[in-house]
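Okay, so the sequence shown: first residue is 4 according to the working numbering, each after it adds one.
We treat Cβ as the ideally placed atom computed from N, Cα and C, and that holds for glycine.
This structure is a prediction, so every number in the text was calculated from the model and none was measured.
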Amino acid sequence: MRDERPLHERGFGGRQGAGERPALVVVDFSRGFTDPASPLACDCDAALEATARLLAAARESGAPVFYTTVAYDRDGLERAAAFIAKSPALAQLEAGSPWTEIDERIAPRAGEPVLAKLFASAFFDTPLADRLREAGVDTVVVVGASTSGCVRATAVDALQHGHRVLVVADAVADRLTEAHERALLDLDAKYADVVGVDEALEALRAPARGDAARPPGGR
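Right, here's the structure in full:
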C-alpha cells in the first residue's frame, strides 16, 4: 500500500546546511540555453538576474567560481552519441561556436574557469572535483540550466563527492514548469538543500566572515 505521509515524516528532507568554504558552480548558462533563438533555450532571465547577485557575493568574499558549458568537437560528438540521440538539439553546441559562450549578463572574469563538458554532470570527465578539493571547498552552491537535467546531475554528484549542496531555486531554469518543480522537490528530499537567493548569499559570504574573524597573523 502506498505511503501518503509527507516525505519529511518518512525521514527525508533533512537539512545539510552550508559549511565554511563554499564555491559557486554555474551550470551551462551558455547562449545555447539562454538565447530564445536556440531550440535548447530555457526561460532564464530571472535566474540569470539571481545568478548575477550570487556572483557578486562570491567575488566579494573570495569564494571560488566555476562555470560549465557543453561543447562538442568531432571526438566529443562520437563519445556522447547516445546522449545526443536522446536530445539531438545538443549537436548544435559545437566547440567554439557562439552557442557555447557564457551569457554576457553573467560573463566570467579573469581567473574564473569555464569547464567544457559532454554530458549532464559538471563533474563527469571534467577537472571540477579536483579543483574543488584543491580549494578546500566543503559546500557547492549550484545554479544554472536545466533544473531537471544538468543542474540535478551536478547536485547529485556534488553530494557524492562529499560536499554539502545548495541548489538556488531562483537561479535555476528549465523548459517545463512541471519538470523544474519536480526536480527541486526530489533534490530537496534526498540530495541538496533547495534554498532561496538570500540563504545562498549568506552562505557565499562565509569566506569573508571567516577572514574578518581571524586574528592578524592567525590561522
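- Task: Answer with buried or exposed for residue 76, where buried requires no fewer than 16 other C-beta atoms within 10 angstroms of its C-beta.
- Result: exposed
- Candidates 63, 49, 42: closest to residue 208 by CA position: 63
- Message: Here's the rule I'm using: 16 or more other beta-carbon atoms within 10 Å means buried, otherwise exposed. How should residue 17 be labelled?
- Response: exposed
- Task: Consider the C-beta atom of residue 69 and the heavy atoms of the ligand HEM; say whether any pair is separated by less than 8 Å.
- Result: Absence of the ligand HEM from the depicted structure is noted, as is the absence of any ligand whatsoever, leaving it without description.
- Check each candidate in 39, 42, 124, 81 and name the one with the smallest Cα separation from residue 151. Of the candidates 39, 42, 124, 81, the one whose C-alpha sits nearest the C-alpha of residue 151 is 124.
- Take residue 86 as the anchor and find which of 210, 53, 120, 199 has the nearest alpha-carbon. 120
- Item | CB-CB length for residue 49 against residue 201, believed under 8 Å | Approximately 15 Å separates the beta-carbon atoms of residue 49 and residue 201; this is outside 8 Å, ruling out the contact.
- Ordered along the chain, which non-local residues of its own chain (more than five positions away) have a Cβ less than 7 Å from that of residue 101? 34
- Message: Just to confirm before moving on: does the CB-CB distance between residue 171 and residue 25 stay below 9 Å?
- Response: no
- Task: Classify residue 160 as buried or exposed, calling it buried when 16 or more other Cβ atoms lie within 10 Å of its own Cβ.
- Result: buried
- Query: What are the boundary residues of the alpha helix (DSSP H) that includes residue 79?
  - Reply: 77 to 82
- Reducing DSSP to helix, strand and coil, say where residue 173 ends up. strand
- Contacts around residue 1, its chain only, beta-carbon distance under 7 Å, and the 5 residues preceding and following it disregarded: No statement about residue 1 is possible, as the shown extent of the chain runs from 4 to 222 and does not include it.
- Query: Which residue's Cα is closest to the Cα of residue 127: 197, 140, 72, 27?
  - Reply: If we check each option's Cα against that of residue 127, 72 comes out closest.
- What number of angstroms, rounded off, separates the C-alpha of residue 184 from the C-alpha of residue 155? Approximately 12 Å between the Cα atoms of the pair.
- Query: Expressed to the nearest angstrom, what Euclidean distance is found between the alpha-carbon atoms of residue 29 and residue 149?
  - Reply: 11 Å
- Message: Out of 166, 178, 138, 59, which one is the CA nearest neighbour of residue 194?
- Response: 166
- In the segment 139 to 205, which residue ranges form an unbroken beta strand (DSSP E) of at least 3 residues, counting only runs that do not cross its ends? 142 to 148, 167 to 176, 196 to 198
- Message: Going by DSSP in three states, residue 97 sits in which element: helix, strand or coil?
- Response: In this structure, DSSP gives residue 97 an extended state, which the three-state scheme calls strand.
- Report the residue from 203, 186, 146, 59 whose alpha carbon sits nearest the alpha carbon of residue 31. 146
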